[in-house]
């Protein structure tokens, strides 16, 4: 694990103080004669229960994520491009209700992608989705780049009061989005990056059939 034995010992003693490990001294069975005893550690029943609860929480989170991702992709797939703006406004209106950082980020990603698709024709010389797909391969970098790319494109294409109102709502959402991203673990960020790529494919299919 790349941890020296002295640090490992200190960590295990701390776990013992917290009631999550117990220690014992045993003789080395491979050493002839009395020999020196060795300290060994084992998890307590409390530690095993905690690990079981964590595993259950992770399973529940995975199920919730699958349901949320499926719902969002289904809405994107079933909405005609002409109604993208309505869906964008619907998502922005319910964002304040989202308490889970992962759920908030997923909904915000859907909103940012909808906005990017809305203004992509106004961005001259660049296909923002192609650029974004390359960036999402870099994990967290792509998650942050989406916000900048979507907002920058919207600012460049804002032509009326309604456009500016949407940009203001997106900007407010992006501030919380960045804070929420900072709280997520690597697995959650990987899920979000995969979600972006799947959503981009939805837009690409609709672009070829619409």
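In this note's numbering, the protein residues as written are 15 to 224. C-beta atoms are modelled at their ideal positions from N, C-alpha and C, and glycine is treated no differently.
Problem set entry | For residue 28 and residue 51, the rounded distance between their alpha carbons | 21 Å
Problem set entry | Buried versus exposed call for residue 199 [16 or more other C-beta atoms within 10 Å across all chains shown] | exposed
Exercise. Contact between the stretch 86-98 and the stretch 160-169: three or more CB pairs below 8 Å?
Worked result: no
Exercise. Could you give the residue range of the alpha helix (DSSP H) that holds residue 125?
Worked result: 115-133
Problem set entry | Delimiting residues of the beta strand (DSSP E) encompassing residue 41 | 35-41
For this session: Assuming residue 168 contacts residue 106 (C-beta within less than 8 Å), just tell me the rounded distance between them.
Result: Rounded, the Cβ-Cβ distance is 12 Å, inconsistent with contact.
For this session: Leaving aside the five residues before and after residue 143 along the sequence, list all residues of the same chain whose C-beta is less than 6 Å from its C-beta, in chain order.
Result: Its chain contains 214 as the residues whose beta carbon lies nearer than 6 Å to that of residue 143, once the 5 sequence neighbours on both sides are disregarded; these appear in chain order.
For this session: Report the rounded CA-to-CA distance for residue 222 versus residue 98, giving the unit in angstroms.
Result: At residue 222, the pLDDT of 49 sits below 50, so the modelled position is not reliable and the matter cannot be decided from this model.
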